[in-house]
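Enquirer: First, the structure itself, so that you have it in front of you.
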Amino acid sequence: MGSWSLRFAAWFEKYMFAIIPFTLIVGIVFSELFLPFVSWVPYLFGFVTFVMALGCGLTHLKNVVYKPMPVFITLLLAHVLTPLIAFALGAALFGPDSDYTVGLVLFSIIPLGVSSVLWVGMSYGSVPLMLAMVVVDSALSPLIVPGLIELFFGAAIKFDTVSLMKDLLLIIVVPTVLGVTIYEISKGKFKAWSAPVTLPISKIFFAAVVLLNAAAIAPHMRTLETSVILASIAVVLLVALCYCIGFAGSYLMRNVSREIRVTMSYAAGMRNISLGLVLAMGYFSPQAAIPVVLGIMIQQPLATLHHALLQRFFPVQKEEM
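Below you can see the structure in the form of structure tokens.
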């Protein structure tokens, strides 16, 4: 069973660029079937976060302390420059107080995506650095997300800041701390020991989060209004810019290896969109969730394109492999 389940997890990771958009479409088309289970989303997401954190220990986090610049610059680009671009883009297309603008900004301020770790590995980036950045950014999310929403929109939108912070603590920080603690206690062995069970379940739960949230916003996605088409164009531009910003931002440091440049490009380009969906549906309007949903459809295919461009124009040297 162990080998079969690990093969399934590897297959899921390999074809995630197609599986996740397909899951999204299934959730929208068959929304009535899945709506009764939408309340499960925070628990499913918490488990996915926990499994991710099982691969990160204090050693990985120490590297962040010893070499903080890649992390600092990446988070600055991801959560300062990108939100400014998202807000400007949304304000120009929909108006500064539009729900679509809120959704674009929300996409840019949610934590770095767990799936970026997979792409960094396939592109010969630094997996330990990427994993550490995801953990650090996730831990900071209860401060970053509500703080930036308040900064950008203030009184224009109403949401419960305290409840949002509590939910982020429960579905992000607590599972992360638990995973890192178990990594330390087991000296990193628990992840390998539990992988035949936890890995395939986490993949299924990840897809389920996307499916259930897609079902929840289905009524608002079925009409191809002009605003939805504009939102699609805006999300494509924003996600593509995120990858470019991360890669270009690595040149702010001297003598940076290809490994670090690749890692920073994926880190800035990919977001924890399943968390974005949870937050958008829980605290904002369904329209605010639409850019996040569109991000799901676009983020993975663009990651595939980014991987191909790296292989073509910035290939790994044999000594780096």
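So the sequence shown is numbered by my numbering: it starts at -9 and just counts up by one.
Beta carbons are placed, not taken as given, at the ideal position from N, Cα and C, and that holds for glycine.
For R248, name the three-state secondary structure that DSSP assigns.
Expert: Translated into positions along the sequence shown, residue 248 becomes position 258. Three-state result, R248: helix.
Enquirer: Drop a sphere of 10 angstroms on the beta-carbon of M59, count the other beta-carbons inside from all chains shown, and report buried for 16 or more, exposed for fewer.
Expert: Position 69 of the sequence shown, counting from 1, holds the residue named residue 59. Answer is exposed; the Cβ neighbour count stays below 16.
Enquirer: Could you tell me whether the stretch 6 to 26 touches the stretch 239 to 248, using the rule of 3 or more Cβ pairs below 8 Å?
Expert: no
Enquirer: For the stretch 256 to 268 against the stretch 98 to 117, are there 3 or more C-beta pairs whose distance is under 8 Å?
Expert: Yes, they touch.
Enquirer: Assuming contact is defined by CB atoms lying nearer than 9 Å, are V142 and F77 in contact in what I supplied?
Expert: Indexing the sequence shown from 1 puts residue 142 at position 152. Indexing the sequence shown from 1 puts residue 77 at position 87. This sequence places Phe at residue 142; Val is not what is there. Their beta carbons are under 9 Å apart, which means F142 touches F77 by this criterion.
Enquirer: Given that a residue counts as buried once 16 or more other Cβ atoms are within 10 Å of its Cβ, and exposed if not, what is K57?
Expert: In the sequence shown, the residue the question calls residue 57 occupies position 67. When all chains shown are included, K57 counts as exposed.
Enquirer: Would you list the residues sitting across from L158 in a DSSP beta bridge?
Expert: The sequence position of residue 158 within the sequence shown is 168, counting from 1. Partner residues in a beta bridge of L158, as assigned by DSSP, do not exist.
Enquirer: Give me the Cα-Cα distance between S21 and K177, rounded to the nearest whole angstrom.
Expert: As a first step, residue 21 must be located in the sequence shown, where it is residue number 31. As a first step, residue 177 must be located in the sequence shown, where it is residue number 187. When rounded, the distance between both Cα atoms is 43 Å.
Enquirer: Please classify L44: does DSSP put it in a helix, a strand, or coil?
Expert: On the sequence shown, position 54 is the one that residue 44 refers to. In the displayed model, L44 falls within coil according to three-state DSSP, outside both helix and strand.
Enquirer: Roughly how many angstroms separate the alpha carbons of A68 and Y114, rounded to a whole number?
Expert: By one-based count along the sequence shown, residue 68 stands at place 78. By one-based count along the sequence shown, residue 114 stands at place 124. Answer to the nearest angstrom: the Cα atoms are 21 Å apart.
Enquirer: Looking at the unbroken alpha helix (DSSP H) that takes in H297, where does it start and where does it end?
Expert: Residue 297 sits at position 307 when you count from the first residue of the sequence shown. Its alpha helix (DSSP H) spans residues P276 to F303.
Enquirer: Give the single residue among L220, A208, L160 and M254 whose Cα lies nearest to the Cα of V124.
Expert: Reading the sequence shown from its first residue, position 134 is the one you call residue 124. Nearest option by C-alpha distance: M254.
Enquirer: Where do the N-terminal and C-terminal ends of the alpha helix (DSSP H) with D89 fall, by residue?
Expert: What you label residue 89 is simply residue 99 of the sequence shown in a count that begins at 1. D89 to I99 is the extent of the alpha helix (DSSP H) around D89.
Enquirer: In angstroms with no decimal places, state the Cα-to-Cα distance between G36 and V167.
Expert: Counted from its first residue, the sequence shown places residue 36 at position 46. Counted from its first residue, the sequence shown places residue 167 at position 177. If I take the Cα positions, the gap works out to 11 Å.
Enquirer: Taking the C-alpha atoms as reference points, what is the distance between D87 and S131?
Expert: The residue labelled residue 87 in the question sits at position 97 within the sequence shown. The residue labelled residue 131 in the question sits at position 141 within the sequence shown. If I take the Cα positions, the gap works out to 23 Å.
Enquirer: Among residues of its own chain, excluding the 5 on either side of S192, which ones have a beta-carbon nearer than 7 Å to its beta-carbon?
Expert: Your numbering for residue 192 matches position 202 in the sequence shown. For S192, the CB contacts under 7 Å within the same chain, skipping 5 residues up- and downstream, are F37, V38 and V41 in chain order.
Enquirer: What does the Cβ neighbour count give for R(-3), buried or exposed, with the cut at 16 atoms within 10 Å?
Expert: On the sequence shown, residue -3 is found 7 positions in, with the first residue counted as 1. With fewer than 16 Cβ atoms within 10 Å of its Cβ, R(-3) is classed as exposed.
Enquirer: Below 7 Å CB to CB, which residues in the same chain sit around I288 once its five sequence neighbours on both sides are set aside?
Expert: The residue labelled residue 288 in the question sits at position 298 within the sequence shown. Here the set comprises V225, V226 and V229.
Enquirer: Under three-state DSSP, which class holds M311?
Expert: Mapped onto the sequence shown, residue 311 falls at position 321. Residue placement at M311 is poorly supported in this model, since its pLDDT is 47, which falls under 50; the coordinates are not used for a value here.
Enquirer: At what residues does the alpha helix (DSSP H) containing A129 begin and finish?
Expert: For the purposes of this step, residue 129 is taken as the residue at position 139 of the sequence shown. V117 to F143 is the extent of the alpha helix (DSSP H) around A129.
Enquirer: Rounded C-beta distance between H297 and M112? I'm assuming under 8 Å.
Expert: As a position in the sequence shown, residue 297 is number 307, starting the count at 1. As a position in the sequence shown, residue 112 is number 122, starting the count at 1. H297 to M112, Cβ: 6 Å. Contact.
Enquirer: Is it true that the CB of P186 sits closer than 9 Å to the CB of S29?
Expert: Counted from its first residue, the sequence shown places residue 29 at position 39. Counted from its first residue, the sequence shown places residue 186 at position 196. In this structure, S29 lies away from P186, with their beta-carbon atoms at least 9 Å apart.
Enquirer: Just to confirm my understanding: we take F24, look at its own chain, exclude 5 residues before and 5 after, and list those with CB closer than 7 Å. What are they?
Expert: Position 34 of the sequence shown, counting from 1, holds the residue named residue 24. Excluding positions up to five away in sequence, the list reads G17, L201, L202 and A205.
Enquirer: If contacts are defined as beta-carbon pairs under 8 Å, then F195 and L34 qualify, I think. What distance do you get, rounded to the angstrom?
Expert: Translated into the one-based positions of the sequence shown, residue 195 becomes position 205. Translated into the one-based positions of the sequence shown, residue 34 becomes position 44. That belief holds up - the Cβ atoms of F195 and L34 are roughly 4 Å apart, short of 8 Å.
Enquirer: For the candidate residues V55, A198 and I280, whose alpha-carbon lies nearest to that of A122?
Expert: The sequence position of residue 122 within the sequence shown is 132, counting from 1. The shortest Cα separation from A122 among V55, A198 and I280 belongs to V55.
Enquirer: Can you tell me whether I207 is buried or exposed? The criterion is at least 16 other CB atoms within 10 Å of its CB, across all chains shown.
Expert: The count along the sequence shown starts at 1 and reaches residue 207 at position 217. It is buried - the Cβ of I207 has at least 16 other Cβ atoms within 10 Å.
Enquirer: Taking the alpha-carbon positions, what's the V331 to V92 distance?
Expert: The structure shown does not extend to residue 331, since the chain is modelled only from -9 to 311, so the question has no answer here.
Enquirer: Between the beta-carbon of G285 and the beta-carbon of G266, is there less than 9 Å?
Expert: For this step, residue 285 is matched to residue 295 along the sequence shown. For this step, residue 266 is matched to residue 276 along the sequence shown. Result yes, Cβ atoms of G285 and G266 sit closer than 9 Å.
Enquirer: Going by beta carbon distance, what residues of the same chain come within less than 6 Å of L119, once the five residues before and after it are set aside?
Expert: Numbered from its first residue, the sequence shown carries residue 119 at position 129. Contacts found: T253.
Enquirer: Here's the rule I'm using: 16 or more other beta-carbon atoms within 10 Å means buried, otherwise exposed. How should A278 be labelled?
Expert: Sequence index remark: in the sequence shown, residue 278 carries index 288 (1-based). Of the other Cβ atoms in all chains shown, 16 or more fall within 10 Å of the Cβ of A278; this residue is therefore buried.
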